[in-house]
Amino acid sequence: MKIIDGKAISAKTKEELRLEVLGLKEKGISVGLAVIIVGDDPASRVYVNNKKKACELLGIYSEEYALPADTNMENLLGLIEELNGRSDISGILCQLPLPRHLDEKAVINAISPEKDVDAFHPVNVGKIMIGDFDFLPCTPAGVMRLLDEEGIDPEGKNCVVIGRSNVVGKPMSMLLLHRNATVTICHSKTKNLSEITKQADILVAAVGRANFVTADMVKEGAAIIDVGINRLENGKLCGDVDFENVKEKCSFITPVPGGAGPMTIAMLMANTVTAAKKQNNL
Ligand code: GUN
1 MKIIDGKAIS
11 AKTKEELRLE
21 VLGLKEKGIS
31 VGLAVIIVGD
41 DPASRVYVNN
51 KKKACELLGI
61 YSEEYALPAD
71 TNMENLLGLI
81 EELNGRSDIS
91 GILCQLPLPR
101 HLDEKAVINA
111 ISPEKDVDAF
121 HPVNVGKIMI
131 GDFDFLPCTP
141 AGVMRLLDEE
151 GIDPEGKNCV
161 VIGRSNVVGK
171 PMSMLLLHRN
181 ATVTICHSKT
191 KNLSEITKQA
201 DILVAAVGRA
211 NFVTADMVKE
221 GAAIIDVGIN
231 RLENGKLCGD
241 VDFENVKEKC
251 SFITPVPGGA
261 GPMTIAMLMA
271 NTVTAAKKQN
281 NL
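Residue numbers for the sequence shown follow this note's numbering, so the first one is 1 and each next one is one higher.
Structure below.
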């Protein structure tokens, strides 16, 4: 059994991107990311800080817009419109979830698809569906990179994704399908879940419930990718997989923290570099 070191693979990916950003600078092309955060959700604050730190490390210019929780749609959409028009901003990201009085869908739709480094805009979602994508959804793309780095080829494999969110489950399934996997998507209404997960050569858990995937649900020798980030009552982070017991049975497993999480930010940086290149016709 191998524990997949997402931190190391993320560091390697970011180093490659740092060199690419340097090369672009020499050509006079700057890469910039605008990050919008509304309100003071503590988890969102941590994510936004990590995104800013990654930009610094890679030499990507970043701007943060921390808006008060009572911001209205007019102000938020006005800011996005301004950022859409700026040539020094390659990518725009609005950290989700937004406070309840704001219309998340309208915000996603307002970001120019060319700057939508989360790949949440319907244009980019559609492109992913037909396999013609510029931006990869960050978390699923990070998972694909982990699989590639470990030499785990999805082609012809039974891949089971637990979770059907627009951010992870659905795009994850599409990326695996593009790589010729046989993909099954499971969710809260799935019957006989463990009968299905036991068929999985590659099992991706994106449920949002601590220790949801137990050893009896896992096929011997499977590769287990844990996308969950759950905070236990004692403050500790853990994934969706019962790591200690499942690791005895599988061939590969990602830890939480230090597995899929660090890859998400690396892929966001990759999308930001892609955006800058596209906007400069490279
Ligand atoms: N909230 C949780 N995950 C994400 C993400 O990938 N992007 C944004 N913008 N918000 C999030």
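All C-beta atoms in this analysis are idealised placements derived from N, C-alpha and C, irrespective of residue type, glycine included.
Where E20 falls, given that 16 or more other Cβ within 10 Å makes a residue buried: Around the beta carbon of E20, a 10 Å sphere encloses 16 or more other beta carbons of the protein chains shown; the residue is thus reported as buried.
Run through DSSP, which three-state label would A205 get? strand
Of the residues N84, H101 and V48, the one placed nearest A69, counting alpha carbons only: H101
By DSSP's criteria, R231 is part of a beta bridge. Which residues make up the other side? By DSSP's assignment, R231 forms a beta bridge with L237.
Starting from S194, follow the alpha helix (DSSP H) in both directions and report where the run begins and ends. L193 to T197
Can you give, in chain order, each stretch of the alpha helix (DSSP H) that sits fully within the region 85–143 and has at least 4 residues? 104–110 and 122–130
For T71 and V273, what's the separation of their Cα atoms in angstroms? 30 angstroms
Contacting residues, own chain, Cβ-Cβ under 7 angstroms from P99 (five flanking each side not counted): V38, G39 and A69
With 16 other CB atoms within 10 Å as the buried threshold, where does S87 fall? Exposed is the call here.
Got a sec, what are the start and stop residues for the beta strand (DSSP E) V46 sits in? V46 -> not in any beta strand (DSSP E); alpha helix (DSSP H) instead, spanning P42 to L58.
Apart from the five residues on each side of it in sequence, which residues of its chain come closer than 8 angstroms, Cβ to Cβ, to L237? I229, N230, R231, V256 and P257
When we look at the beta-carbon of K14 and count the other beta-carbons within 10 Å, is it buried (16 or more) or exposed? buried
Please say whether V167 and T139 have beta carbons closer to each other than 8 angstroms? yes
Could you spell out the range, first to last residue, of the alpha helix (DSSP H) harbouring I9? Unbroken alpha helix (DSSP H) run through I9: G6 to E26.
Taking 8 angstroms as the cut-off, does the region 152–163 touch the region 123–138 (at least 3 CB pairs, one atom from each stretch)? Taking one beta carbon from each stretch, the region 123–138 and the region 152–163 have fewer than 3 pairs nearer than 8 angstroms; the two do not touch.
What did DSSP end up calling F212 once you bin it into helix, strand or coil? coil
Residue range of the beta strand (DSSP E) that includes T184: T182 to C186
Give the secondary structure of D226 by DSSP, where H, G and I count as helix, E and B as strand, and everything else as coil. The answer is strand: DSSP assigns D226 an E or B state.
Measure the C-alpha to C-alpha separation of N50 and E56 and round it to an integer number of angstroms. 10 angstroms
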